[in-house]
Every structure is written in structure tokens, then in C-alpha cells.
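Undergrad: Pasting in a structure now, in C-alpha cells, and then I'll have a few things to ask.
There are 4 protein chains.
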Amino acid sequence: MKHITYIEDMNKWKDDFRFFYNVKVRFSETDMYGHMNNTVPFTYFEEARIEFLKYIGFMEDWVKPEHETIPVVADLQCDFIKQVFFDEEIKVYVKVKKVGTSSIDLHYMALDSKQHVCFVGRGTIVQISKKTGKGVAWSEAMKARLDEEVTSYHLA
Amino acid sequence: MKHITYIEDMNKWKDDFRFFYNVKVRFSETDMYGHMNNTVPFTYFEEARIEFLKYIGFMEDWVKPEHETIPVVADLQCDFIKQVFFDEEIKVYVKVKKVGTSSIDLHYMALDSKQHVCFVGRGTIVQISKKTGKGVAWSEAMKARLDEEVTSYHLA
Amino acid sequence: MKHITYIEDMNKWKDDFRFFYNVKVRFSETDMYGHMNNTVPFTYFEEARIEFLKYIGFMEDWVKPEHETIPVVADLQCDFIKQVFFDEEIKVYVKVKKVGTSSIDLHYMALDSKQHVCFVGRGTIVQISKKTGKGVAWSEAMKARLDEEVTSYHLA
Amino acid sequence: MKHITYIEDMNKWKDDFRFFYNVKVRFSETDMYGHMNNTVPFTYFEEARIEFLKYIGFMEDWVKPEHETIPVVADLQCDFIKQVFFDEEIKVYVKVKKVGTSSIDLHYMALDSKQHVCFVGRGTIVQISKKTGKGVAWSEAMKARLDEEVTSYHLA
Chain A
-3 MKHITYIEDM NKWKDDFRFF YNVKVRFSET DMYGHMNNTV PFTYFEEARI EFLKYIGFME
57 DWVKPEHETI PVVADLQCDF IKQVFFDEEI KVYVKVKKVG TSSIDLHYMA LDSKQHVCFV
117 GRGTIVQISK KTGKGVAWSE AMKARLDEEV TSYHLA
Chain C
-3 MKHITYIEDM NKWKDDFRFF YNVKVRFSET DMYGHMNNTV PFTYFEEARI EFLKYIGFME
57 DWVKPEHETI PVVADLQCDF IKQVFFDEEI KVYVKVKKVG TSSIDLHYMA LDSKQHVCFV
117 GRGTIVQISK KTGKGVAWSE AMKARLDEEV TSYHLA
Chain L
-3 MKHITYIEDM NKWKDDFRFF YNVKVRFSET DMYGHMNNTV PFTYFEEARI EFLKYIGFME
57 DWVKPEHETI PVVADLQCDF IKQVFFDEEI KVYVKVKKVG TSSIDLHYMA LDSKQHVCFV
117 GRGTIVQISK KTGKGVAWSE AMKARLDEEV TSYHLA
Chain W
-3 MKHITYIEDM NKWKDDFRFF YNVKVRFSET DMYGHMNNTV PFTYFEEARI EFLKYIGFME
57 DWVKPEHETI PVVADLQCDF IKQVFFDEEI KVYVKVKKVG TSSIDLHYMA LDSKQHVCFV
117 GRGTIVQISK KTGKGVAWSE AMKARLDEEV TSYHLA
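Protein chains in written order, with this note's numbering: chain A, -3 to 152; chain C, -3 to 152; chain L, -3 to 152; chain W, -3 to 152.
Written out as C-alpha cells, the structure reads:
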């Protein structure tokens, strides 16, 4: 498998995931080359990320119109390992790799029904103020919850 | 050409359009059948509609966060006349067919570079209150501007 | 509820559905007005339609590259009944309304988790030849299977 | 500006671009946070990349159904510098950074109407065989054309 800068040891990296979200490749997500279009994994990453953020209890506030902060994507990347086709059932895994002051680095892994890695990715999200657009530090409770995710994976 | 319920006389109907917006079929808008996916014209209709609403001076207020009303789509339909392929340049025409108290009925026509009709459509949009979700009648100025559009087409 | 041309009696029309497909509104499917964008139901209709076509055994051939025919959408429409928001779980129902020589008229109904109708729709699909682009009549087996769907709903 | 791993000197990196493609942020490309959704730049990258591939004469063959090879995306990444909103006019620049045996590394830069950098990106595409799915080396003519692009930028 090709070298991917954010993965040191693929087997360890794979074992480190717990949380996943199921998607199925839609017909409208294919393109005239007959496979899933390259823009689609980023939508799957977003869905998996949001489900993960709901799971750790962060999303509820972030969708309230009156809430002061929202998460934004600072960067995002995807490495395509094998072609994916219409109707394939994909598990999109998410894990917290690193917790910053107001940001987290998330890693993603997509497995097909035969447990083959189809594509992988990573990206940073930052909590910002809706008014100023500047980063807002995690509260202690949020920080603790995020650290727990990092730790639990590494101990597992 | 097949019968389309909202078109009485295709030639007259075609002649009645003035305003159009250019789009080009994106690679990500094709599907594995090799042509433009059937969900895509609705995106083109939205783009053409918004350009039209900008042209008649309605859109500026409708994108202000503090403005009281927004336009919503009440219904939408599309009849597919010929297959459309990657990279085709399409002109999407829009006209006002009827003006209601708080709504307008818009018609759409898409022509390819050879002036062939690719797909046509129609749909009603309604001005609603962000707070109540209920229809809000056009102001007299808005009504006058809309009537002008209907009339100008029919006299032309 | 507003008048919808393809629905005579809403209660009977609703009772006539059996098959449904679950979708959840993605974050990327919302727009700056805060709700599901109006282009999205057509993607849901496509997903529900394809699941239905798999269920009646038609889809398998239609995704084989060497197969002679494909289904294409001849027309499509949607009536929006109530606003739909991020993360809502929607059941998209599909039924066969009428069987033509090479076409079927499908109806769609989307219910939210409280069983409220969010949007409804209809559209015709046609089996065409990949080579000629012309309609290809249903085989007797396909016709029989389609008639069964129409009948079973009406007897139920 | 934040550190981006594939950009050594931002000013030199910016000056190195020549080719660009215009896009305008669609309403359906915004999300409920009021800005362009994070999945959208990858569609813009694809459009700009394809226009670039047409410009250097590579695309014509790659869309022929009977042609033996197609380009596929091996990896893709985007760094978001500033929020982008509905209706913004964006220039998406593309350049060839490196030419491999069967691949090219492309860089992307998006400027708003005030010439501010909104987002940047990079990604590798590979020419593969439709049959085997394996990489197919550039012909000498293709290699020469690609090298020209790399060189012309660096001399300019």
C-alpha cells in the first residue's frame, strides 16, 4: 500500500478505531467513469464526524441558532486506496488523533463489506465564535471528554 | 415531443422567455449511466431562479440575516426531453408565468448549444416569514415589478 | 393541505404505500436558510426508487455494463408540504401508480418521525436501449411483476 | 497565515500559478452555518483540474468510452483559509507541481474577488488502465507537455 504521511503503522492505525458510521454509495454519487466520484468521501467524512460529535455530546449545542460557537473545518484530506462502486456498503470510522486548545485532529478510515480499506483521511476542526470568527478554547469538560477519546483508543 | 401539462403551445411557450443563465455540466454531475444525473436540473433551476431574482432586485433583502422573509420552494418539476452529457453548455431560461398574493409560478427551459430543448420545468416559490413560516404578501412595489415581468414577456 | 394534481384523496393515497427507504438529512444537504435544500428530495426519490427496483428484481441487470437497457427518468416532480431540517429521519415511500408499455409512473411520499407528510412527488421512468436511446417494452415477466405491485397495493 | 505542509514560501507559491477557472458559490452549496460547505472545494478543484486537462489537450481522449485509460484521483487535500459565502466569485488556480511516471501532483489556489486566498489544496492524479486498474505511464508526448507546464511556471 502506498505511503500516507499521517499513518506510521497501518495495522496499529487501523486497530485504533472504534466509532463508525454506515453509508451506502448513492447512484447520484457515481460519475461517468462508473465509480464513486472523488468529491464524495468528504461528505461521508462529514456525516461520520457529525455522528461522532453527537456521540460525544458536542453537536447538540452546535446546531442551536442561539449558541455562540460552531465547529469549522480547517483542513481535510483523503487518500484513495481502491475504487468504490455504486451501492457498496461502507463503514466510515472516526477517531480523535490529537486535541488542541480549540481544535481536534480527526482521522478517518473507510472499510468495504470485505473489511478492505477503500479510502482514509484526516482533518482538523476548530471551534470558532460565530461573531468574531476566531477560535474559542474548549471548556474543561469538553477537553476532558476529548482526552478520554484519545486515551481510550490508545489503551484499547 | 411528448405532452407536458404546463405547456399549451411549445413554440409560443419558448418565444416567451427572455432571461437566461449559463451553466456547464460538471463531471461530478454525471452518473455511471454516462449522462447528467436526473437530480442536477433542479440545482440549475435554483441557480437560474436566483440570478433572475437578483435581476429583478428581490434577492438582496432575502440573503440578509436580519430580513424578515425568505423565499421557499412550494413545488418543482422537470420534464427531461433529451439526454445531457458532461461538459455541455446549457442556457437555463426563466420566466414568470403567474403572480399570486405571496407566490410566483416560474417556468424554466434549458437549451443546449444547438438550441435544442434538453429539459423544461416549472415551480412555485412563496415568500414566507422566517418566524411564522406563513406566506407574506408581496409589497405593492414587488407586485408591480413581478407584473411587469409577466407583461413584458407577453407583449414581446 | 394544498391541492396536489396527482393526489385525489390524500388519505387513500397515503394508505396505498407499502415500500419505504430510510434517509437522514445530511449536514451538507442543508442550505443557508437553515433547512434541507429544495434539490435534495430528488436524490432521496432516486435512492428510494432504486431500492424499490432492487426489491422487485429489476436493478441487477440495469447496473451490468453489458446489459442492453437502462432506466431513465422522463419527468419528476416534488411538492413541499413542511420544512425539513438537519438530522431529521425521513421515511421515503414508493409505489407504482401506472404501468405503461416501456414506462412506469411512480409516486413518492416522505414522512418524518412523527408520521407527518414532509413532501410528496411523482415521476415516470422509461426503460430505454443504451444504443438507440429509444424506449424498450417491458418483457412479459417484468410487466407481470409490475402489475403485481399495482394490484397488491390496491387490494391491500 | 497557518503553516501548510505543501507550501514553503506562500508568495512564491502564489506567483507560480497561471491557469485559473471561475466559479460562483451556488445557493445549494451553502449549509446551515451560512457559508460554503466544506465538501464543495473538492468539486471546484475537479472542475478547475478538468479545464486544465482540456487546456493541455489530455481530456479529449479521457472522455471517449472506447479509450483505454482514465485519470483517477489518488489523493486530495484542502486547507481552508477564510470563510466563503453564497454568490462569491472565486478564481480557482491550478498548476503542475511534479510529474511522475504515470501521475502528476497538482496544486490549487482559490482567490476571492479581492484577491484574498480563500482555500488552497493539492492532490495527485494517476492515469490508469480501465481494464486492469493499474497505472499507465505517460506517453513521451504527454510527458513533454506536462514538463512544459512545470517549466513554464518556474521560469515565469
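Every residue, glycine too, gets a C-beta built ideally from N, C-alpha and C.
Quick caveat: nothing in here was measured; it's all calculated off a predicted structure.
What distance in whole Å lies between the Cβ atoms of residue 24 of chain L and residue 7 of chain W, which are believed to be in contact at a cut-off of 8 Å?
TA: Incorrect: roughly 34 Å between the Cβ atoms, too far for contact.
Undergrad: Mind listing the chain L neighbours of residue 30 of chain W? Cutoff is C-beta to C-beta under 7 Å, in chain order.
TA: 28
Undergrad: Return the chain-ordered list of same chain residues with a C-beta closer than 6 Å to the C-beta of residue 57 of chain A, the five sequence neighbours on each side being excluded.
TA: 63
Undergrad: Closest Cβ-Cβ distance between residue 62 of chain A and chain W: below 8 Å?
TA: Closer than 8 Å: no.
Undergrad: Which of the three DSSP states is assigned to residue 54 of chain C in this structure?
TA: coil
Undergrad: What are the start and end residues of the beta strand (DSSP E) that includes residue 11 of chain L?
TA: Here residue 11 of chain L belongs to no beta strand (DSSP E); instead the alpha helix (DSSP H) covers 6 to 11.
Undergrad: Runs of 4 residues minimum, wholly inside the region 37 to 116 of chain C: which ones carry the alpha helix (DSSP H) assignment?
TA: 55 to 58
Undergrad: Which residue or residues does DSSP assign as beta-bridge partners of residue 17 of chain C?
TA: C/88
Undergrad: Please state whether the Cβ-Cβ distance between residue 47 of chain L and residue 17 of chain L is less than 8 Å.
TA: Pairing residue 47 of chain L with residue 17 of chain L gives a Cβ-Cβ distance under 8 Å.
Undergrad: Work out the CA separation of residue 28 of chain A and residue 50 of chain W for me, nearest whole Å.
TA: 17 Å
Undergrad: Should the region 75 to 90 of chain C be called in touch with the region 83 to 90 of chain L, which here means at least 3 C-beta pairs below 8 Å?
TA: no
Undergrad: So for residue 35 of chain W, helix, strand or coil by DSSP?
TA: coil
Undergrad: Among A/136, A/114, A/20, which one has its Cα closest to the Cα of residue 54 of chain A?
TA: A/136
Undergrad: DSSP on residue 133 of chain W, reduced to helix/strand/coil?
TA: coil
Undergrad: How would you list, in chain order, the residues of chain A whose beta-carbon sits under 8 Å from the beta-carbon of residue 174 of chain L?
TA: No answer is possible for residue 174 of chain L: the residues shown for chain L start at -3 and end at 152.
Undergrad: Check whether chain A comes within 8 Å of residue 46 of chain L, counting only Cβ atoms and requiring the distance to be less than that.
TA: It does: the Cβ of residue 46 of chain L has a partner Cβ on chain A nearer than 8 Å.
Undergrad: Can you pull the chain A residues whose beta carbon is under 8 Å from the beta carbon of residue 82 of chain L, in chain order?
TA: 59
Undergrad: Pick out whichever of A/124, A/132, A/78 has its Cα sitting closest to the Cα of residue 110 of chain A.
TA: A/78
Undergrad: Tell me, please, whether the region 101 to 118 of chain W touches the region 127 to 135 of chain W by the rule of three or more beta-carbon pairs shorter than 8 Å.
TA: Judged by pairs of C-beta atoms under 8 Å, the region 101 to 118 of chain W does not touch the region 127 to 135 of chain W, as fewer than three such pairs exist.
Undergrad: Find the nearest neighbour of residue 15 of chain A within the set A/108, A/21, A/124, A/90, judged by alpha-carbon distance.
TA: A/90
Undergrad: Just the Cα atoms here: how many angstroms apart are residue 142 of chain W and residue 20 of chain A?
TA: 37 Å
Undergrad: With 16 other CB atoms within 10 Å as the buried threshold, where does residue 144 of chain L fall?
TA: Exposed, since its Cβ has fewer than 16 Cβ neighbours within 10 Å.
Undergrad: What does the alpha-carbon distance come out to for the pair residue 152 of chain A and residue 12 of chain A?
TA: With a pLDDT of only 48 at residue 152 of chain A, under 50, the local geometry of the prediction cannot be trusted, and no value is derived from it.
Undergrad: Check the Cβ-Cβ distances between residue 128 of chain C and every residue of chain A, and say whether any is below 8 Å.
TA: False, the Cβ-Cβ gap to chain A never drops below 8 Å.
Undergrad: Assign residue 141 of chain A to one of three DSSP states: helix, strand, or coil.
TA: Residue 141 of chain A falls in the helix class under three-state DSSP.
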